[in-house]
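Converting from the sequence shown to the numbering used here requires adding 46 to each position, the first position being numbered 1.
Below is one structure, written out as structure tokens; comments come after it.
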Amino acid sequence: MNNTIASHNIRLLFWSGIFGTMNFLQPVLTLFYLQRGLDTRDIFMVLFCWSLAVLIGEIPTGVYADRFGPKVSFITGCMLRLVSFSLLFFASGPWMFYLYSFLNGFSVTFYSGADEAFIYESLKESHEENKMDQAMGHIQSADFIAMIVSVLIGAFLARDLSNQQFLVLIVLTIAFQLVELMLIFFLRKPVSDTVRQVNNPFRQVKEGFKVIRREPRLLIMFLNVTLVFIPVGAVFKNFDQPYLTHAGVPVASIGVLYAAAAVLGFGASHSIGWLTHRFSRIALMYATGFLSVSGLVLAALIQSEIWAAVGIFFLLRIVQVIRYPIYSKISNDYIPSSVRATTISLLSIVDSCCDLFVFLILSLVASGNSLHVIFLGGAFIVLAGVLLPIRPLKIHRDERLNG
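And the structure:
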């Protein structure tokens, strides 16, 4: 990928990803909410507004990206995110935080689907689409660099939890995101994006639905990924702090574990190419899926052994890092360029519905602080997802021809 449009764009997206995800408030965000007068119910509403914005925004912003191009979509999303963080300077009542969360969630949807589409089209122009998983892994590693830096610096600067310290974190976050905005302007449009035709947005959505209906394996493969991710990447991630403290990990050490997990995740992201050269992508998807099941089962059964808990924590963090770039490569082979962002956004709608389904199921089976019940329930859902078949496009087409 030397000196190609793909290498240029991937390099810029890597650095813009570092600056764009550098949220210094993240390690103390809940404490910031409490300091500004929010209670537990208000905080749940903040999270609800974020998810609602993502659900509402997925299709229209996917169409927006397909009509005007991913680069314009990135710029729009970045500017909207800057506006949302600016609101935190003045936010005091719950409604200002609800608005911040909604705008922040909506800004994310301008990247959702458009980033994958942009990377794939850039690679396709230089006939390197087979390196999609390596590119996604490389760009994904930027998140881990940002997490390491922001978690350590943010927690240190806000150690007294004073309002002045929180304002410093907001200023730093906005400053880094302004750098991201400048970097986005230097992205180069692939030819397929430059000659893009402006279609009726409803036709874009209709074509996206046709792609999913024509390739049902794409939807099945997506369900495999999302049913594994939600219990591990969302449920366990939200309960890993009480799990670790119950096992005997000091609260002060949890931030260090998060940073260490980010370092390991960075290494795993950069090892995607090495892994896919030595093992088949399908084998890696199934292996990481079954490791996810095993990790959740072990978490349910072992809750008082500190080193076992730490090992399970790292295992469940790393397997998700490996899965998504590989899925991205396999799935994008199925999707036409003209409706790539819209189709991925439609699949994200399915993901949001799966979120609600999984959360509802686990909330019904859980009682009190029974983490083992939550983890076992999550393990069954992950197992159901892992058992769904995954097939690369070439195998699927060969089956059609032979059939």
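Beta carbons: idealized from backbone N, C-alpha and C, even for Gly.
Note that the coordinates shown come from a computational prediction; the quantities given were computed from them, not determined experimentally.
In the DSSP assignment, threonine 155 falls within the unbroken alpha helix (DSSP H) covering 140-155. Where histidine 184 is concerned, the enclosing alpha helix (DSSP H) starts and stops at 178-203. Here isoleucine 191 has Ile64 and Phe312 as same chain residues with Cβ atoms under 7 Å from its own Cβ, once five neighbours each way along the sequence are excluded.
In its chain, beyond the 5 residues on either side, Phe148, Gly151 and Phe152 have a beta carbon closer than 7 Å to the beta carbon of alanine 99. Per the Cβ contact rule, the stretch 185-203 is in contact with the stretch 54-70 (3 or more Cβ pairs under 8 Å). As the crow flies, the alpha-carbon of serine 317 is around 15 Å from that of methionine 331. Your pair alanine 314 and isoleucine 194 does not check out as a contact, with CB atoms roughly 14 Å apart and the cut at 8 Å.
When C-beta atoms of the stretch 422-431 are compared with those of the stretch 331-344, three or more pairs fall below 8 Å, so the two segments count as touching.
Of all alpha-carbon atoms in Leu417, Lys375, Gln366 and Ala181, the one lying nearest the alpha-carbon of valine 278 is that of Gln366.
Separation of alanine 204 and asparagine 49 (C-alpha to C-alpha, rounded to the nearest whole angstrom) is 42 Å.
For threonine 272, the CB contacts under 6 Å within the same chain, skipping 5 residues up- and downstream, are Asp397 and Cys400 in chain order.
Cysteine 124 and valine 419 have their C-alpha atoms some 40 Å from each other.
The way I'd put it, the stretch 112-131 does touch the stretch 211-224; three or more beta-carbon pairs between them come closer than 8 Å. Going by DSSP, asparagine 55 is part of the alpha helix (DSSP H) stretching over 51-66. Under the three-state reduction of DSSP output, valine 295 falls in the coil class, being neither helix nor strand. Inclusion of isoleucine 395 and leucine 101 in the CB contact set at 8 Å is warranted, their separation being smaller than that value. Membership of serine 168 in the alpha helix (DSSP H) is indicated by the continuous run 160-171. Judged by DSSP in its simplified three-state form, asparagine 209 adopts helix.
Here DSSP, grouped into helix, strand and coil, assigns isoleucine 266 to helix. DSSP places glutamine 349 outside both helix and strand once states are collapsed to three, so it counts as coil. Cβ contact annotation for serine 350 (same chain, cutoff 8 Å, sequence separation greater than five): His292, Ala293 and Gly294, in chain order. For phenylalanine 426, the enclosing alpha helix (DSSP H) stretches over residues 417-432. By the 16-neighbour rule on beta-carbons within 10 angstroms, serine 416 is exposed. In the displayed model, lysine 256 falls within a helix according to three-state DSSP.
Of all C-beta pairs linking the stretch 110-123 to the stretch 222-231, three or more are shorter than 8 Å, placing the two stretches in contact.
Counting only the Cα atoms, serine 208 lies some 15 Å from phenylalanine 136.
If you draw a straight line from the Cα of tyrosine 157 to the Cα of histidine 323, it comes to about 29 Å.
The C-beta of alanine 329 has fewer than 16 other C-beta atoms within 10 Å across all chains shown, which makes the residue exposed. Put simply, the backbone Cα of proline 435 is about 13 Å away from that of arginine 327. DSSP places valine 129 inside the alpha helix (DSSP H), whose first and last residues are 116-132. In chain order, Phe70, Leu71, Gln72, Pro73, Val74 and Leu215 place their CB closer than 7 Å to the CB of glycine 200, counting only its own chain and leaving out the 5 sequence neighbours on each side. Ranked by how close their Cα comes to the Cα of isoleucine 358, the residues Thr67, Arg260 and Phe421 have Phe421 in first place.
Leucine 410 and asparagine 176 have their alpha carbons spaced roughly 43 Å apart. In this structure, threonine 334 and arginine 369 form a Cβ contact; the two beta carbons are roughly 5 Å apart against a cut-off of 8 Å. Straight-line measurement puts the Cα of proline 296 at about 47 Å from the Cα of tyrosine 110. Here serine 138 is exposed, its C-beta having fewer than 16 other C-beta atoms within 10 Å.
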